[in-house]
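*Asks:* Per this note's numbering, the sequence shown runs over residues 18 to 109.
C-beta atoms are modelled at their ideal positions from N, C-alpha and C, and glycine is treated no differently.
Attaching a single structure in structure tokens format; questions to follow.
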Amino acid sequence: MLYHNPKTKITMWNDYLNLQFDVKGKTFTGFCMKIQDDFHLTYAVILEDCHSFCIWLDDKTSKWYSSKFTNLDPSVLDQIINRLGVQEQALA
């Protein structure tokens, strides 16, 4: 499934999502992979020129969380979470 926007590229094959988006004039490129977790919907996120971290959706609160030491602008996390939410809805 391929979605195209002049500033955003998203490709997803099953449990893998390529990412490219701009936040505050900086381009972020990387990918997410769904990982096995018996308690939450969890993704490993790898962004070029940054670091890797996990994000997960808590089913009880319907809120997304990120790893304790994720050191990114909250709007970057919002971009990733929004794309994952759109993809999960499309796959449902």
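What number of angstroms, rounded off, separates the C-alpha of LEU34 from the C-alpha of GLY47?
*Replies:* Answer to the nearest angstrom: the Cα atoms are 9 Å apart.
*Asks:* For TRP73, collect the residues of the same chain with a Cβ closer than 6 Å to its Cβ; drop the 5 residues on either side in sequence, then sort them by chain order.
*Replies:* HIS57, THR59, TYR82, listed in sequence order.
*Asks:* In the DSSP output, what is LEU78 paired with across the bridge?
*Replies:* One detail in the question is off: residue 78 reads as Thr in this sequence, not Leu. Beta-bridge pairing links THR78 to no other residue.
*Asks:* Between which residues of its own chain and ILE63 is the CB-CB distance below 7 Å, once the five residues before and five after are set aside?
*Replies:* So the list reads GLY47, PHE48, SER69, once near-sequence residues are dropped.
*Asks:* Report the option in ASP90, ILE98, GLN53, ASN99 whose CA atom is closest to the CA atom of GLY42.
*Replies:* That would be ASP90, whose Cα lies nearest to the Cα of GLY42.
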